[in-house]
Amino acid sequence: MKEVIKTGVTQLVWVETPNNPNWEVTDIVEASKLAHKAKAKLIVDATATPPTMTKSLDLGADISFHSATKYLNGHSDVSAGVLSFKKANKDWESLFSIRKLQGTVLNSQDAFLLIRGLRTLFLRVEKNSQNAMILAKHFESHNYVETVLYPGLETHPNHKIAKNQTSGQYGGMLSIIIAGSEADAINVVRNCKVFYPATSLGGVESLIEHRKTVSGEDFPVDEKLIRISVGIEDPLDLINDLEQALQKVFKKKGQY
């Protein structure tokens, strides 16, 4: 980051943490120091760790961004976004004016649905996080899984940073890299019955996708990576579903 931030040139530093789909964690405190040293503003996209977990503005960010479509809404029926400013400065006034003139505000029904979702945010996120941790630990040493990418695991290289930034709650997003081929990863997704194959996150339902298929060939992601958004179902149902999908794919290959 130091190499790309230049004093007098860089005006805005954008950080996504944890990033998608590898779930690497950026230290927001340190990122803010680098940005502010260069007289730049720091904006943090912490959609995967909503405000009940990560309070970016308290950690040094100037602007916090959240896709409200995801955890804030929690029911996969709203498209919305949120920008929160640490100070009501010129940037805030400019954005407020643009929103007012362009009319980019939520309609009343979407606003109602978002308010409804926020009422259960704490409960949902707690359950999402608990379930994700259970899945991550179960598959961490699995014969058919090469790697589990989840900041809540102590083996994750950014675990300590994540723990400090989320107060020990790590969210419902994780990825697994299959110990097979790209075709195996695709087939595991296809054979899941409880997980729904979709590209979103943060809802009450569990979603699964082969990321390379979704993102395209030019996106730098492991071809065997499966991204999972863990919902609030019984974790045993989720484990059993992923287990049967893995067993079906690898037994077909003759790998028991």
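Last residue of the sequence shown: 238 in this note's numbering, with the numbers rising by one and none dropped. Each residue gets a CB set at the ideal place from its N, CA and C atoms; glycine is no exception.
Looking only at its chain, what residues have a beta carbon closer than 6 Å to the beta carbon of residue 193, apart from the 5 residues adjacent to it on each side? 3, 203, 207 and 209
When the Cα atoms are used, what is the spatial distance from residue 0 to residue 28? 7 Å
Residue 197 in three-state terms, based on DSSP: helix
List the whole-angstrom C-beta distance separating residue 191 from residue 213, where the pair is believed to meet the contact cut-off of C-beta under 8 Å. Not confirmed; about 14 Å, so no contact.
To the nearest angstrom, how far is the alpha carbon of residue -8 from that of residue 42? 17 Å
Determine whether the beta carbon atoms of residue 117 and residue 217 lie at a separation below 9 Å. yes
Tell me whether residue 239 is buried or exposed, calling it buried when 16 or more other Cβ atoms sit within 10 Å of its Cβ. Look at the range of the chain in this structure, -17 to 238, and you will see that residue 239 is not part of it.
How would you label residue 23, buried or exposed, when you count the other beta carbons within 10 angstroms and need 16 or more for buried? buried
Three-state secondary structure (DSSP) at residue 179? strand
Within 10 angstroms of its Cβ, does residue 200 collect 16 or more other Cβ (buried), or is it exposed? exposed
Tell me which residues share the same chain as residue 130 and place their Cβ nearer than 7 Å to its Cβ, disregarding the 5 neighbours each side in the sequence. 118, 121, 122, 156 and 158
Residue span of the alpha helix (DSSP H) that contains residue -12, given as start and end: Element bounds for residue -12: n/a, residue is neither H nor E.
Measure the C-alpha to C-alpha separation of residue 64 and residue 235 and round it to an integer number of angstroms. 46 Å
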